[in-house]
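Structure first, commentary second.
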Amino acid sequence: MKKVSNFLVVLGVASLMTMPSCKKILDELGNSAGNNPGISANVKLIEYKNSDHRLMGGYFSRETGDTAGILNLIPDSVDIINIWGRQENSADWEQELQIIHDLQKNKGMKFIVTGWLDDLNSRFGPKDASGAVNNKNWRTGVTALRDSVIKWKLDGIDFDIEPGIIPESNDSLVAIMTELAKYFGPTSTPPTLSNAKLMFIWDTNMDGNFAPYTKTYKNYDLVYLQAYWRNANSLTNTYNTFKNYIPQSKFLAGVDFEDETGFASNQMPAYAAWATSQNMGGVFSYKIERDYANQSGSFSSYAITRAAIQTMNPAKKNK
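Right, here's the structure in full:
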């Protein structure tokens, strides 16, 4: 995800500051692209999602100017959508959730709640008389976040870990991530009778030698590297700082579609080729909806995303 402003997480007293029309579009696997009002199940697609393959992720936002990105137009073969921008405050959140649940069930997509650690103080928790959340104790925010993810029937969480928007104290960050790991990630206890664990993504622009990561790396399902505005040739060196902690299959490098460098510079094709040649976990994009309709108003119907999926997971040809 992308940094917008600087802030610190306020911890508890005992802690430190811590357009297509209805015409079908065939996607990269030969399945309908999910652009029909009625989303039907696709057995082969679900099998693909459950198979060993390179992942495609995307941050989806409905912030000002991003009105064209409609969830059910996202290509079927996208694996993970990170919901970004406090969309639960939107008037049509319940309608959006229905689309999400259909895509989860019938297309095998996973949907992740995304935000900043400050959300544990200002987004999740009991509301005051004005209707605002103002937790002095971030632990209250952790349990409220867990309850919200379960209520919304989503698949996990992702917090932006960047300098300037995380606690100055490494110990404080470790404490927060350890508490979150009780409910999210591979070391957590399943929160429901389904025994399905909720995902936990380490989303960062920093190397793998960052001390809080080295102390908590077992807590995360995936690492998302915000490798915006970089050359694909630089990615292997960054992965090498993580390789003592995670296999290639858990490492995804990301591009920025918001300012359109991710496709204007052919960065996404290069990253997808890199992920394939190095047997990495996959790639992702920030503001994936920009690949549906860019800032100039041109429509591409997620063409760059589709091509990257095909590069990483070529469709099998019939013999």
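Position 123 of the sequence shown, counting from 1, maps to 123 under full-length UniProt numbering, and the rest follow consecutively. All C-beta atoms in this analysis are idealised placements derived from N, C-alpha and C, irrespective of residue type, glycine included. Owing to the predicted nature of the structure, the values given are computational and were not obtained by experimental measurement.
Inset, instruction - Rounded to whole angstroms, what's the CA-CA distance from I157 to V113? Just pull it up for me. - result: Locating residue 157 in the sequence shown gives position 157, where the first residue counts as 1. Locating residue 113 in the sequence shown gives position 113, where the first residue counts as 1. For I157 and V113, the gap between their C-alpha atoms comes out near 5 Å.
Legend entry - For N82, the three-state DSSP class (helix, strand or coil): The sequence position of residue 82 within the sequence shown is 82, counting from 1. Under the three-state reduction of DSSP, N82 is assigned to strand.
Legend entry - Secondary structure of I157, DSSP reduced to three states: What you label residue 157 is simply residue 157 of the sequence shown in a count that begins at 1. Looking at I157 - three-state DSSP - the assignment turns out to be strand.
Inset, instruction - Check whether the stretch 236-248 touches the stretch 184-199, counting contact only when three or more Cβ pairs, one atom from each stretch, lie closer than 8 Å. - result: Counting C-beta pairs closer than 8 Å gives fewer than three between the stretch 236-248 and the stretch 184-199, which falls short of the contact rule.
Inset, instruction - Would you list, in sequence order, the uninterrupted alpha helix (DSSP H) runs of no fewer than 4 residues that lie entirely inside the stretch 192-245? - result: As far as the stretch 192-245 is concerned, its whole alpha helix (DSSP H) runs of at least 4 residues are 211-216, 235-240.
Legend entry - Identified DSSP bridge partners for F257: Within the sequence shown, numbered from 1, the residue matching residue 257 stands at position 257. Looking at the DSSP output, F257 shares a beta bridge with no other residue.
Legend entry - Short Cβ contact (9 Å threshold) for L117 with I166: Taking the sequence shown and counting its residues from 1, one reaches residue 117 at position 117. Taking the sequence shown and counting its residues from 1, one reaches residue 166 at position 166. Yes; because the gap between Cβ atoms is below 9 Å, this pair is in contact.
Inset, instruction - Could you please give the first and the last residue of the uninterrupted alpha helix (DSSP H) stretch that includes V174? - result: Numbered from 1 along the sequence shown, position 174 holds the residue referred to as residue 174. In the DSSP assignment, V174 falls within the alpha helix (DSSP H) that extends over 170-180.
Legend entry - CB contact flag (residue 328, L55, <9 Å): The structure shown does not extend to residue 328, since the chain is modelled only from 1 to 319, so the question has no answer here.
Legend entry - Alpha-carbon to alpha-carbon, E168 and E162: In the sequence shown, residue 162 corresponds to position 162, counting from 1. In the sequence shown, residue 168 corresponds to position 168, counting from 1. Between E162 and E168, the C-alpha separation is close to 11 Å.
Legend entry - Local conformation of K44 per DSSP, three classes: Numbered from its first residue, the sequence shown carries residue 44 at position 44. Residue state, collapsed to three classes: helix.
Inset, instruction - Measure the alpha-carbon distance for S51 versus T311 and round it to whole angstroms. - result: Here residue 51 corresponds to residue number 51 of the sequence shown, with the count starting at 1. Here residue 311 corresponds to residue number 311 of the sequence shown, with the count starting at 1. If you draw a straight line from the Cα of S51 to the Cα of T311, it comes to about 17 Å.
Legend entry - Start and end residues, beta strand (DSSP E) containing T114: In the sequence shown, residue 114 corresponds to position 114, counting from 1. Per DSSP, T114 belongs to the beta strand (DSSP E) from 110-115.
Legend entry - Counterpart residues of F284 in DSSP-defined beta bridges: To locate residue 284, count along the sequence shown from 1; it is residue 284. Partner(s): G57, G254.
Legend entry - Bounding residues of the alpha helix (DSSP H) (the contiguous stretch that carries I99): Position 99 of the sequence shown, counted from the start, is the residue given in the question as residue 99. Boundaries of the alpha helix (DSSP H) harbouring I99: 93-107, taken from the DSSP string.
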